[in-house]
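Taken in sequence, the protein lines are chains A and B. Under the working numbering, residues 51 to 381 are what the first sequence spells out, in order. Under the working numbering, residues 51 to 381 are what the second sequence spells out, in order. Beta carbons: idealized from backbone N, C-alpha and C, even for Gly.
Number of protein chains: 2
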Amino acid sequence: MSVTSHDVAQLAGVSQPTVSRALRDDPRVSKATRERVRKAADRLGYVPSDAGRALSSGRTRRIGLLLTDLENQFYPHIIAPAFHQLESHGYQLMLHTEVADNDVVAERLISNGLDGVLLATSTIDSVVPLRLRDRRLPFVYFNRTSDAVSADSAVVDPTQGMREAAEALSKHGHRRIAAILGPANTSTAVNREIALREALAQQGMSIPARYIHRGPFDTATGHAGTEHFLTMPQPPTAIVCGNDVVAFGALNAARSAGVGVPDDLSIIGFDDLPSASWPIIQLTTIAYDLDAMVRRAADLLIDRIQSPGRPLEESAFPSHLIERDTLGTVP
Amino acid sequence: MSVTSHDVAQLAGVSQPTVSRALRDDPRVSKATRERVRKAADRLGYVPSDAGRALSSGRTRRIGLLLTDLENQFYPHIIAPAFHQLESHGYQLMLHTEVADNDVVAERLISNGLDGVLLATSTIDSVVPLRLRDRRLPFVYFNRTSDAVSADSAVVDPTQGMREAAEALSKHGHRRIAAILGPANTSTAVNREIALREALAQQGMSIPARYIHRGPFDTATGHAGTEHFLTMPQPPTAIVCGNDVVAFGALNAARSAGVGVPDDLSIIGFDDLPSASWPIIQLTTIAYDLDAMVRRAADLLIDRIQSPGRPLEESAFPSHLIERDTLGTVP
DNA sequence: CTCGTTATTGCATACGTATGCCTATACTAG
DNA sequence: CTAGTATAGGCATACGTATGCAATAACGAG
Chain A
51 MSVTSHDVAQ LAGVSQPTVS RALRDDPRVS KATRERVRKA ADRLGYVPSD
101 AGRALSSGRT RRIGLLLTDL ENQFYPHIIA PAFHQLESHG YQLMLHTEVA
151 DNDVVAERLI SNGLDGVLLA TSTIDSVVPL RLRDRRLPFV YFNRTSDAVS
201 ADSAVVDPTQ GMREAAEALS KHGHRRIAAI LGPANTSTAV NREIALREAL
251 AQQGMSIPAR YIHRGPFDTA TGHAGTEHFL TMPQPPTAIV CGNDVVAFGA
301 LNAARSAGVG VPDDLSIIGF DDLPSASWPI IQLTTIAYDL DAMVRRAADL
351 LIDRIQSPGR PLEESAFPSH LIERDTLGTV P
Chain B
51 MSVTSHDVAQ LAGVSQPTVS RALRDDPRVS KATRERVRKA ADRLGYVPSD
101 AGRALSSGRT RRIGLLLTDL ENQFYPHIIA PAFHQLESHG YQLMLHTEVA
151 DNDVVAERLI SNGLDGVLLA TSTIDSVVPL RLRDRRLPFV YFNRTSDAVS
201 ADSAVVDPTQ GMREAAEALS KHGHRRIAAI LGPANTSTAV NREIALREAL
251 AQQGMSIPAR YIHRGPFDTA TGHAGTEHFL TMPQPPTAIV CGNDVVAFGA
301 LNAARSAGVG VPDDLSIIGF DDLPSASWPI IQLTTIAYDL DAMVRRAADL
351 LIDRIQSPGR PLEESAFPSH LIERDTLGTV P
């Protein structure tokens, strides 16, 4: 049906292995033959089969990216740089998402014959890292980590950003501060909460339990949490959100409720997504170099694939506050 | 290294082909053996290799999705439903993006051994459809089409939406109407322009050349176009945008310039992305059922794979205007 | 008791590429 | 002139699964 390296070999008058070598610029084939093979391949429109390659070489030059869900506005900002960074190293990206059964995910990752996996999703209790380790399938934690299995990682260090946020909140006179946090079984949610509490403590403040709302990192969570806070007899004057997407939900809830931002309510995000700096949004948020973080994760993974024995590398990216229009002074 | 069907066969005391059949519920293997094989497979943690399967069966159960770029805010809304619809049919999704050389893209699609391709990107002059046709690789046009090669397609019919937009604009007293359109080599941009011009003509209006701005379907285009219009001695009172992402750019430009929307300027989008209906945005836009369109495209493709001979199916999804807060009355 | 059937399983092989090893040729050094 | 050494290419085979066909066993009918 389709044209194979054997067809090319026949046309060029060489053996199939020579075709394989010629087209991959193996030094063992002479310049003349290489040219002849190339010409034949072009003429037949030969395209090597990844499946054949994978089976024979044991490598696919494909890398999996595991996300919780694709709907989330945060993920495109991971997918794009990951795709390009991997592409520049000659790797292709395969998307995967969590499904109900954790083991099914692991099976898919394995059956795909991936050379490595970027885990951008792992909850603390996921079995995926275990399964991957058992298979000796290289992987890197991105954004989140899991204590169960150690691996290279690229994450944000929220301490500096949260410290600056706490200082700014204090300086603007905020005392009643709420937080809308991510799921308790994600390292990101936990780390940000810890950093936030410590930073507030240094300012002599704290968050009471009633000012805490938890949920997935999406707009619905931000919306629901903010709505809830606004019905309180003494609503908070500021809300620190688990990430920008949550903060967008908070902004929407405030607008719907007719509550002015930042006059009546201040909102702080985390991630500094491109849309956070849009003139119509101008979200005050904690920023870090997301693109660089993605690229680092990709590089770590490729490096790990090529030298499985090298020591673990855990890189944390610093964060800082970017003040825009959603943080105001308490009257 | 990894466990294969041979290992399972040995443990279960059967031949390798029997393992293959047993695990795929082939009726030719007895219930007893099937159970024995399953047990052995579980015990060894056997996971079949996609590469082996692909090579042997000629099918990969993988489908490619070709996009122009991953940065664009529009694409996540395609990727997610496509991913899930394909998954529900037992197919996996592979992302691909256009790169400088058109032929390189086609080669990748081919070498991947995909069972089919969703073309969400094809410019009118792309060679990709030609290459795919030559390889007998099934594909479906999504959103855009190309005249060079006919294939199943799922697209928006903008006529009704544009008609309603023109009526609404007219009713609100707009006479100076501008448009920020997509690239001239995309069918979407062309179709929307035609529909818009016809609809305006029915209202006795038209768009002068100086009120036309063209560029990629991104926020930068919307921003630049709007900035440009606003510097004119007689700026338009309304801008119809090629899609919502462009409209977001327009909103930003207006805000930056201190121009009120909709008091000084009305803006209309196209797509009705989830964020268009956010309280803090409230974009007036032309809507259609994007999710259904994606699912249709996926279904068409799978159907085409299974019955290559069936007649062509071109489905157009109707559109309509959704009035929100960015369309106002001219003073 | 024999023959035709059906139900199960195994055998052989194909899929397309990569790679270790051997061979043949040409070339260099002594 | 010979032995040693690159250099270039071919041969054989492996990778893991699926599948057409043959083989065996079990079984019932006559």
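Less than 6 Å between C-beta atoms, sequence neighbours within five positions excluded: which residues of the same chain meet that for residue i?
i               : result
A90 of chain A  : V58, L61 and A62
H139 of chain B : I352
A249 of chain B : M212, R213 and A216
G310 of chain A : none
L136 of chain A : I113, L143 and A348
V206 of chain A : Y338, F367 and S369
Quick one: what does DSSP say residue i is sitting in, helix, strand or coil?
i               : result
V69 of chain B  : helix
Y125 of chain A : coil
Q284 of chain B : coil
L351 of chain A : helix
Y191 of chain B : strand
H146 of chain A : strand
A167 of chain A : The amino acid occupying residue 167 of chain A in the given sequence is Val; Ala does not appear at that position. The answer is strand: DSSP assigns V167 of chain A an E or B state.
R112 of chain B : strand
I174 of chain A : coil
L117 of chain B : strand
A198 of chain B : coil
G299 of chain B : helix
T269 of chain B : helix
T238 of chain B : helix
G102 of chain B : helix
Q253 of chain B : coil
A90 of chain B  : helix
I330 of chain A : coil
Classify residue i as buried or exposed, calling it buried when 16 or more other Cβ atoms lie within 10 Å of its own Cβ.
i               : result
P179 of chain A : buried
V155 of chain B : buried
R354 of chain A : buried
T379 of chain B : exposed
H224 of chain A : buried
P361 of chain A : exposed
S106 of chain A : exposed
R374 of chain A : buried
G281 of chain B : In the sequence under discussion, the amino acid at residue 281 of chain B is Thr, which differs from the Gly named in the question. Its Cβ having fewer than 16 others within 10 Å, T281 of chain B is exposed.
R8 of chain A   : Nothing about residue 8 of chain A can be reported from this structure: the residues present for chain A run from 51 to 381 only.
S316 of chain B : buried
R346 of chain B : buried
R74 of chain B  : exposed
A245 of chain B : buried
D197 of chain B : exposed
P381 of chain A : exposed
Relative to the C-alpha of residue i, which candidate in the options has its C-alpha closest?
i               : options                           : result
T236 of chain A : A:N193, A:I174 and A:L280         : A:I174
V53 of chain B  : B:E121, B:R88 and B:L94           : B:L94
A304 of chain A : A:T269, A:V240, A:T118 and A:A104 : A:T269
I262 of chain A : A:Q252, A:A251, A:E243 and A:G254 : A:E243
G163 of chain B : B:V295, B:A104 and B:Q142         : B:A104
I230 of chain B : B:L301, B:A198, B:L182 and B:Q253 : B:L301
H278 of chain A : A:F267, A:N293, A:D294 and A:G299 : A:G299
N193 of chain B : B:S357, B:P381, B:H370 and B:A342 : B:A342
D314 of chain A : A:L377, A:R345 and A:G275         : A:L377
S327 of chain A : A:G359, A:L371 and A:S365         : A:L371
Per the DSSP calculation, residue i is bridged to which residue(s)?
i               : result
T335 of chain A : A:G319 and A:I372
L365 of chain B : Residue identity differs from the one stated: residue 365 of chain B is Ser in this sequence, not Leu. Bridge partners of S365 of chain B: B:A204.
H263 of chain B : B:I230
V290 of chain A : A:A229 and A:I318
Keeping to the same chain, check which residues put their C-beta closer than 8 Å to that of residue i; ignore five residues upstream and five downstream.
i               : result
V177 of chain A : N152, D153 and A156
I227 of chain B : L219, L250, M255, I257, Y261, P286, T287, A288, I289 and V290
V149 of chain A : V155
L115 of chain B : I128, I129, A132, L143, M144, L145, H146, V167, L168 and A170
F124 of chain B : F267, N293, D294, V295, D321 and L323
D165 of chain B : R109, T110, R111, R112, I113, Y141, P188 and I355
R71 of chain B  : R78 and V79
R339 of chain A : According to the sequence provided, residue 339 of chain A is Asp. The question's Arg does not apply to it. Same-chain partners within the cutoff: F367.
Go through its chain and collect everything with a Cβ distance to residue i's Cβ below 7 Å, but skip five positions before and after it.
i               : result
L350 of chain B : V190, D202, A204 and E363
T271 of chain B : I230, G265, V296 and G299
V64 of chain A  : T83 and V87
A239 of chain B : L231, G232, P233 and G292
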